[in-house]
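Each remark here refers to the structure printed beneath this line.
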Amino acid sequence: SGKWARAMAVLREFEEKCSTPIGKLKQVADAMTVEMQAGLASEGGSKLKMLISYVDNLPTGDEKGLFYALDLGGTNFRVLRVQLGGKSGRVVKQEFDEVSIPPHLMTASSEALFDFIAAALAKFVAEEGEGFHPAPGRQRELGFTFSFPVRQLSISSGTLIKWTKGFNIQDTVGQDVVAELTRAMERIGLDMRVAALVNDTIGTLAGGRYTNQDVVAAVILGTGTNAAYVERAHAIPKWHGLLPKSGEMVINMEWGNFRSSHLPLTEYDQGLDVESLNPGEQIFEKMISGMYLGDIVRRVLCKMAEEAEFFGDTVPQNLKVPFILRTPDMSAMHHDTSPDLKVVASKLKDILEISNTSLKMRKTIVELCDIVATRGARLSAAGILGILKKLGRDTVKDGEKQKSVIALDGGLYEHYTKFRSSMEKTLKELLGEEVAANILIEHSNDGSGIGAALLAASHSQYL
Ligand code: ADP
Ligand code: MG
């Protein structure tokens with residue numbers, strides 16, 4: 012019928028606008044490399060902030076003692092304690108707890124948020140068992156993973172530049188988040204020192220390096236997306252401090268804010284951006300990451316309903332509710348292998364209150380999920396190529412066998428199988444067989460928690 016044809020026209024136009032042929036991805040990668048350079052050259056020189064982390068040494072394996080870590084970056088936060096045993100002992104013992112953040116605290120006051128975090132941390136400390144007590148007279152030390160853009164002032168202090176990923180608390184912006192946390196810990200009577208403030212990408216890089224010396228970069232694909240890598244200190248013109256002994260400095264790219272005319276941006280992406288908490292910002296993140304992919308699908312479905320009566324003569328009201336279709340649900344539909352696509356049918360019914368869909372319609376919806384996920388995955392691969400180019404590791408020099416490992420983490424990468432395999436396949440395609448043989452992607456499962464604890468250890472006041 013004419014309606015079906017109109018719905019398909021909406022889908023095909025979207026598909027075409029989303030297309031990411033290899034040539035385009037290479038342009039995106041080149042743009043990423045150029046922006047990295049610009050961000051390193053001067054403060055504010057690029058959409059990529061290329062933040063200096065003050066981490067100039069990555070874990071060696073010698074780290075020893077009891078350390079805590081706290082990871083705040085999305086909808087959950089994790090607390091962790093780990094007993095490090097040095098070269099021979101490695102991670103002797105670890106325990107963690109996960110707490111979900113009540114949504115109202117994400118947009119309330121700084122004090123309320125940090126009080127909540129400190130209270131959860133205090134509870135975790137109170138449950139400290141055998142083998143997890145600090146040596147007598149020693150203060151507990153914490154690595155604080157805080158996955159929002161921070162202007163670091165030192166390894167253990169830094170001011171919040173802006174919130175992302177659905178957080179929006181004006182009174183935290185410009186404040187030192189370590190001071191905020193420390194004050195909240197004092198209010199509750201918890202005696203603990205923040206020894207290191209790190210981004211989750213930096214934690215993942217540190218955790219990855221601890222288990223594999225060839226790790227040169229880390230990428231997070233979770234609620235949001237970001238990357239960090241090891242740069243040569245003399246290649247950072249905006250760094251006016253002393254050159255670190257190691258000659259290296261870890262850079263938090265904040266790549267979620269990348270933007271380029273080469274990005275395949277559609278009207279749906281623009282709509283999502285305009286209606287977001289941070290319009291005009293985090294454009295790369297909004298095309299790639301877990302917080303947004305499901306909502307892009309919803310927006311296209313809504314258009315198909317409005318323009319072509321895809322779901323009948325009325326537009327299902329839930330299709331108009333922002334973020335009602337979450338990425339894990341999109342992923343479940345995308346991976347539906349049942350002959351009648353019953354997962355798709357049940358998601359449509361439970362979430363969007365749409366019933367009586369035909370198999371043909373469900374197949375179309377799976378196809379839509381594929382278009383959105385594939386674009387995100389391929390753009391992520393292009394971003395990684397951009398980093399490898401910056402490092403000069405995108406070619407093979409004289410048959411060199413030097414391995415480069417990228418540590419990957421985040422719920423999207425971990426759980427969205429089709430996203431992950433598309434990203435890995437695309438990276439190989441971009442690199443070519445010979446180079447790809449030297450580039451490895453390694454899942455660093457919750458490396459950021461251990462990584463933050465390791466960095467707390469190497470910046471302990473007792474060293
Ligand atoms: P954060 O990024 O908030 O620190 P995670 O790394 O755990 O946390 O990532 C959580 C995100 O991963 C969720 O917001 C969701 O978008 C995505 N995610 C989780 N599970 C799945 C899934 N099964 N399929 C697709 N995406 C998922
Ligand atoms: Mg995280």
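For the record, in the sequence shown the residue sitting at position 235 is 246 according to my numbering, with numbers rising by one throughout.
Here a beta-carbon is modelled for each residue, glycine too, at the ideal position from N, C-alpha and C.
C-beta contact flag for residue i and residue j at 8 Å
{"i": "residue 169", "j": "residue 216", "result": "no"}
{"i": "residue 150", "j": "residue 198", "result": "no"}
{"i": "residue 44", "j": "residue 400", "result": "yes"}
{"i": "residue 225", "j": "residue 415", "result": "yes"}
{"i": "residue 67", "j": "residue 98", "result": "no"}
{"i": "residue 299", "j": "residue 236", "result": "yes"}
{"i": "residue 264", "j": "residue 59", "result": "yes"}
{"i": "residue 318", "j": "residue 21", "result": "yes"}
{"i": "residue 92", "j": "residue 81", "result": "no"}
{"i": "residue 228", "j": "residue 398", "result": "yes"}
{"i": "residue 379", "j": "residue 332", "result": "no"}
{"i": "residue 196", "j": "residue 129", "result": "yes"}
{"i": "residue 31", "j": "residue 275", "result": "yes"}
{"i": "residue 206", "j": "residue 153", "result": "yes"}
{"i": "residue 213", "j": "residue 238", "result": "no"}
{"i": "residue 376", "j": "residue 355", "result": "yes"}
{"i": "residue 453", "j": "residue 223", "result": "yes"}
{"i": "residue 341", "j": "residue 305", "result": "yes"}
{"i": "residue 148", "j": "residue 104", "result": "no"}
{"i": "residue 79", "j": "residue 465", "result": "no"}
Residue i, buried or exposed, once every other Cβ within 10 Å from all chains shown has been counted against 16
{"i": "residue 367", "result": "exposed"}
{"i": "residue 472", "result": "exposed"}
{"i": "residue 1", "result": "Residue 1 falls outside the range modelled here, since the chain spans only 12 to 474, and no answer is possible."}
{"i": "residue 146", "result": "exposed"}
{"i": "residue 163", "result": "buried"}
{"i": "residue 459", "result": "buried"}
{"i": "residue 23", "result": "exposed"}
{"i": "residue 114", "result": "exposed"}
{"i": "residue 405", "result": "buried"}
{"i": "residue 470", "result": "buried"}
{"i": "residue 34", "result": "exposed"}
{"i": "residue 358", "result": "buried"}
{"i": "residue 350", "result": "exposed"}
{"i": "residue 175", "result": "buried"}
{"i": "residue 348", "result": "exposed"}
{"i": "residue 411", "result": "exposed"}
{"i": "residue 474", "result": "exposed"}
{"i": "residue 273", "result": "buried"}
{"i": "residue 432", "result": "exposed"}
{"i": "residue 463", "result": "buried"}
{"i": "residue 360", "result": "exposed"}
{"i": "residue 253", "result": "exposed"}
{"i": "residue 325", "result": "exposed"}
{"i": "residue 71", "result": "exposed"}
{"i": "residue 448", "result": "exposed"}
When the options are compared against residue i, the one with the closest alpha-carbon
{"i": "residue 335", "options": "346, 350, 307", "result": "307"}
{"i": "residue 418", "options": "406, 211, 148, 384", "result": "211"}
{"i": "residue 177", "options": "186, 289, 254, 101", "result": "289"}
{"i": "residue 53", "options": "319, 249, 365, 327", "result": "249"}
{"i": "residue 269", "options": "28, 40, 126", "result": "40"}
{"i": "residue 256", "options": "65, 457, 304, 453", "result": "65"}
{"i": "residue 200", "options": "148, 134, 187", "result": "134"}
{"i": "residue 181", "options": "143, 121, 161", "result": "121"}
{"i": "residue 37", "options": "445, 360, 309, 271", "result": "271"}
{"i": "residue 468", "options": "61, 62, 69", "result": "69"}
{"i": "residue 343", "options": "362, 106, 330", "result": "362"}
{"i": "residue 102", "options": "188, 117, 127, 75", "result": "75"}
{"i": "residue 437", "options": "465, 413, 390", "result": "390"}
{"i": "residue 193", "options": "353, 127, 241", "result": "127"}
{"i": "residue 95", "options": "321, 218, 62", "result": "218"}
{"i": "residue 83", "options": "106, 117, 55", "result": "117"}
{"i": "residue 364", "options": "320, 187, 466, 328", "result": "328"}
Below-8 Å beta-carbon distance, residue i vs any chain D residue
{"i": "residue 43", "result": "Protein chains in the displayed structure number just one, and chain D is not present."}
Counting Cβ pairs, one atom from each stretch, are 3 or more of them under 8 Å apart for the stretch 405-424 and the stretch 229-239? yes
Which runs of the alpha helix (DSSP H) at least 4 residues long sit entirely within the stretch 203-271? Give them in chain order. 211-222
Touching by the beta-carbon criterion (3+ pairs, under 8 Å), the stretch 43-60 and the stretch 136-143: Judged by Cβ distances under 8 Å, the stretch 43-60 makes no contact with the stretch 136-143, as fewer than three pairs qualify.
Should the stretch 285-299 be called in touch with the stretch 381-396, which here means at least 3 C-beta pairs below 8 Å? yes
Starting from the N-terminal side, write out each stretch of the alpha helix (DSSP H) that is 4 residues or longer and does not extend beyond the stretch 332-413. 338-345, 353-363, 370-401
Does the stretch 104-124 come close enough to the stretch 85-93 to have 3 or more Cβ pairs within less than 8 Å? yes
Residue ranges of each beta strand (DSSP E) run of no fewer than 3 residues wholly in the stretch 18-98, ordered along the chain? 75-83, 87-96
Assess, as a yes-or-no matter, whether the stretch 15-23 is touched by the stretch 370-379 under the definition of 3 or more beta carbon pairs within less than 8 Å. With the cut-off at 8 Å, the stretch 370-379 and the stretch 15-23 touch.
Go through the stretch 135-166 residue by residue and report every complete run of the beta strand (DSSP E) that reaches 3 residues or more, in order. DSSP runs (the beta strand (DSSP E)) wholly in the stretch 135-166: 151-157, 161-165.
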